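Under the numbering used here, the first residue of the sequence shown is numbered 45, with each subsequent residue one higher. Backbone N, C-alpha and C fix where the C-beta goes; we use that ideal spot for every residue, glycine too. Predicted model, so just to flag it, every value in this text is computed and none were measured. Accompanying notes for the structure given below.
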Amino acid sequence: MKVTLSVLKADIGGWVGHSNMHPKLVEIAQESLDAAKVDGMIIDYHVAYCGDDLNLIITHTKGEDNPDIHKLAWDVFMRCTEAAKKLKLYGAGQDLLSDAFSGNLKGMGPGYAEMEIEERKSEPVIVFMADKTSPGAWNFPLFKMFADPFNTAGLVIDPTMHDGFIFEVLDVMENKFVKLSCPEEMYDLLVLIGASGRYMIRAVYRKSDNEIAAKASVQKLNMMAGRYVGKDDPVLIVRAQSGFPAVGEILEAFSFPHLVEGWMRGSHHGPLMPVGFEDAVPTRFDGPPRVIAAGFQLAEGQLVGPVDMFKDKSFDYTRQKALEITDYIRRHGPFEPHRLHLEEMEYTTLPAVMEKLQNRFKSGE
45 MKVTLSVLKA
55 DIGGWVGHSN
65 MHPKLVEIAQ
75 ESLDAAKVDG
85 MIIDYHVAYC
95 GDDLNLIITH
105 TKGEDNPDIH
115 KLAWDVFMRC
125 TEAAKKLKLY
135 GAGQDLLSDA
145 FSGNLKGMGP
155 GYAEMEIEER
165 KSEPVIVFMA
175 DKTSPGAWNF
185 PLFKMFADPF
195 NTAGLVIDPT
205 MHDGFIFEVL
215 DVMENKFVKL
225 SCPEEMYDLL
235 VLIGASGRYM
245 IRAVYRKSDN
255 EIAAKASVQK
265 LNMMAGRYVG
275 KDDPVLIVRA
285 QSGFPAVGEI
295 LEAFSFPHLV
305 EGWMRGSHHG
315 PLMPVGFEDA
325 VPTRFDGPPR
335 VIAAGFQLAE
345 GQLVGPVDMF
355 KDKSFDYTRQ
365 KALEITDYIR
375 RHGPFEPHRL
385 HLEEMEYTTL
395 PAVMEKLQNR
405 FKSGE
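This is the structure:
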């Protein structure tokens, strides 16, 4: 039996400000998905949140981009938005760019990642959920997981991984993608994904049999809306073990708190800090950016879990390093490189401020 794992997310109202998720919204989402499970539309579900983003983790047999599943998620987000408005939560429904559902979630605001698989004898998966950052945040850890032998020992010693992996990279400006094979095209891959604001890894495949290994949400909310409406706060699904990186190799990719774009007003660089579920509440300068990891075993579509993968004390050093980086880069205030480069600020509120100054410029000669 083929099983589809869908992770769909939206910011539909923050409690307080952009910091957290109100329990009422989680309750509404659980009730809605429970009804869908009873009706047989879905196999199983889990409702999670990272910061002010609601994440719906759903298993079913309908395949990717299925209109019924996307409509289910849209309806959940709409119901939660109604409750958020009554509670006067901040930015209620901000990720919902349309008033009516139109077949699937493409271009409608919510982000999502999906993969259809045949379950293995044992099917461990990890769902990563981030807040206060963009989909480009996954480039660094995905490269570490699937192309860096210093991170993933299996690339060297596991014959089922030794051939390497194929990376599918999306150019979000041109809406075009390219597939690059590693290790032989590693340098070409780095040419692109080093520019994480434009080129984003959206899928990884095992080279030996083209089996899906990872899927990421790559929806750029501000480009869809044509204005700043919040950061994209992406999700990522990664399969583990038996021909894929081990769970520990996957998590090891987050042991370095690399700099990502997002944070306050979506306009700053900051470290991506891996935290346990309880600590996914970004409040210092609306950050620093956070990532949580929910581990599951799939069993005939049932979600056995979640396990809070970043709760491990061994990530305390990474968190401490992230806090040191946070303190250092915050001292830059409104100066680059803390603030994003001007071209990256196009969809923020900065252009409206700069427009007032245009007529005051005079020739420098």
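Other residues of its chain near residue i: CB distance less than 7 Å, five sequence neighbours each side excluded
i, result
"Pro-193", "Leu-199, Val-200"
"Asp-202", "none"
"Met-308", "Phe-329, Asp-330, Gly-331"
"Ile-373", "His-313, Gly-314, His-382"
"Ile-369", "Pro-301, Pro-315"
"Pro-111", "Gly-147, Asn-148"
"Gln-74", "Val-91"
Residue i - partner residues in DSSP beta bridges
i, result
"Thr-177", "Gly-306"
"Glu-162", "Lys-46"
"Val-120", "According to DSSP, which records beta bridges pairwise, Val-120 is partnered with nothing at all."
"Ser-225", "Ile-210"
"Arg-283", "Val-169"
"Pro-318", "Val-335"
"Ala-54", "Leu-98"
"Val-248", "Phe-211, Ala-258"
"His-313", "Glu-305"
"Tyr-243", "Asp-215"
"Lys-220", "Asp-215"
6 Å CB neighbourhood of residue i in its chain, flanking five on each side removed
i, result
"Tyr-134", "Gly-58, Gly-61"
"Met-217", "Arg-242"
"Ser-142", "Met-152"
"Asp-109", "Asn-148"
"Gly-208", "Cys-226, Pro-227, Lys-251"
"Lys-188", "Asn-195, Ala-297"
"Arg-246", "Glu-212, Leu-214, Ala-260, Val-262"
"Ala-80", "Ile-86, Leu-116"
"Ser-299", "Thr-362"
"Leu-9", "What is shown of the chain runs 45 to 409, which leaves residue 9 out entirely."
"Thr-204", "Gly-287"
"Gly-84", "none"
C-beta contact flag for residue i and residue j at 7 Å
i, j, result
"Asp-175", "Arg-334", "yes"
"Val-47", "Glu-163", "yes"
"Val-279", "Pro-179", "no"
"Ser-50", "Ile-113", "yes"
"Phe-145", "Trp-118", "yes"
"Pro-168", "Gln-346", "no"
"Lys-53", "Gly-151", "no"
"Ile-170", "Ile-294", "yes"
"Ala-324", "Arg-283", "no"
"Asp-277", "Asp-97", "yes"
"Arg-363", "Met-317", "yes"
"Met-230", "Ala-197", "no"
"Gly-306", "Thr-177", "yes"
"Lys-68", "Ala-136", "no"
"Cys-124", "Ile-161", "no"
"Ser-76", "Thr-327", "no"
Closest Cα partner of residue i within the set the options
i, options, result
"Val-304", "Glu-387, Gln-402, Pro-185", "Pro-185"
"Ser-225", "Phe-211, Leu-236, Ile-237", "Phe-211"
"Asp-360", "Gly-320, His-376, Asn-99, Ile-245", "Gly-320"
"Ile-87", "Gly-287, Ala-343, Lys-259, Lys-357", "Ala-343"
"Ile-281", "Ile-102, Met-205, Asn-195", "Ile-102"
"Asp-487", "Glu-388, Ala-92, Val-120", "Given a span of 45 to 409 for the chain in the structure shown, any question on residue 487 remains unanswerable."
"Ala-239", "Leu-214, Asp-78, Ala-338", "Leu-214"
"Asn-99", "Ala-127, Phe-288, Met-65", "Met-65"
"Glu-255", "Leu-234, Asn-219, Phe-288, Glu-229", "Phe-288"
"Ala-290", "Gly-306, Ile-245, Gly-339, Met-45", "Gly-339"
"Val-348", "Leu-233, Lys-130, Met-389, Tyr-89", "Tyr-89"
"Gly-107", "Met-389, Leu-140, His-206, Met-45", "Met-45"
"Phe-354", "Lys-130, Phe-172, Arg-404", "Phe-172"
"Asp-356", "Leu-401, His-104, Gly-292", "Gly-292"
"Pro-378", "Leu-367, Lys-365, Leu-394", "Leu-394"
"Leu-140", "Lys-132, Glu-399, Leu-367, Met-122", "Met-122"
Close beta carbons around residue i, own chain, < 8 Å, minus the five adjacent residues each side
i, result
"Phe-221", "Glu-212, Val-213, Leu-214, Asp-215, Arg-246"
"Leu-233", "Phe-187, Ala-191, Phe-211, Val-213, Leu-224, Cys-226"
"Lys-264", "Ser-178, Pro-179, Val-216, Asp-276"
"Val-70", "Val-91, Tyr-93, Leu-98"
"Thr-105", "Met-45, Lys-46, Val-47, Thr-48, Ile-87, Gly-345"
"Glu-380", "none"
Any chain C beta carbon closer than 7 Å to residue i
i, result
"Pro-315", "Structure shown: chain C not included; a single protein chain is present."
Which ranges would you report for the beta strand (DSSP E) in the segment 334-386 if only whole runs of at least 3 residues count?
334-343, 346-352
Report the residue ranges of all alpha helix (DSSP H) runs contained in full by the segment 72-156; include only those spanning at least 4 residues, in chain order.
111-130
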